[in-house]
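Numbering (my numbering), first residue to last: 51 to 190.
Encoded structure:
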C-alpha cells in the first residue's frame, strides 16, 4: 500500500521574467497556490499521530517559514535568488528547501494561475496531478 498526501498552501507574490517575449517580462503578481506532496508506505503505529503517514500540521509547519520569509507578499526575483522565477523553477526551489526537513517529500505543485499548473518531483514515474485532486496512477 502507498499513501500520497497533499497539503495546500497559498501566497501572494510579484515577479517578472526578464527574458520573456510577452507581458510576463513586466513586473506583475499572482495569487499563487501550491501543494506539498508526501508519500509513504507505513503509517505511524502508536502515539498521538497513530494512523497517520505524517501529521498535516507538520507539513504546514515545514512550509510556513518559506511562506513568511521568501514567498508571501514578497518579490520572488529577489527573495528566492531566482533570476527567472518561473513556476517550474519555483516548484523546484521549494522542493529543494523542504527535501531534507520533510520526511517522505514526493513533490511540489505550483499553480501560478487557475489554469496553469506545474509539478516538480524527483520521481521517475510521477502521478497525474489534476486541478481537482490527484490520482495515484503510476506510483510504485
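We put the CB at the ideal spot given by N, CA and C, even for glycine.
- Task: In the DSSP assignment, find the unbroken beta strand (DSSP E) run with residue 79 in it and report its ends.
- Result: 78-90
- Task: Excluding the 5 residues preceding and the 5 following residue 77 in the sequence, name in chain order all residues of the same chain whose CB lies nearer than 7 angstroms to its CB.
- Result: 64, 66
- Message: Going by DSSP, what residue range makes up the alpha helix (DSSP H) through residue 110?
- Response: 106-116
- So residue 52 packs on residue 91, CB below 8 angstroms; how close in whole Å? 5 angstroms
- Message: Suppose you measure from the CA of residue 172 to the CA of residue 103; what does that come to, to the nearest Å?
- Response: 20 angstroms
- Item | Where the beta strand (DSSP E) containing residue 137 begins and where it ends | Premise fails: residue 137 lies in the alpha helix (DSSP H), 137-148, not in any beta strand (DSSP E).
- Message: Could you give the first and the last residue of the continuous beta strand (DSSP E) run that contains residue 128?
- Response: Not the beta strand (DSSP E): residue 128 falls in the alpha helix (DSSP H), residues 126-129.
- Distance, residue 71 Cα to residue 148 Cα: 32 angstroms
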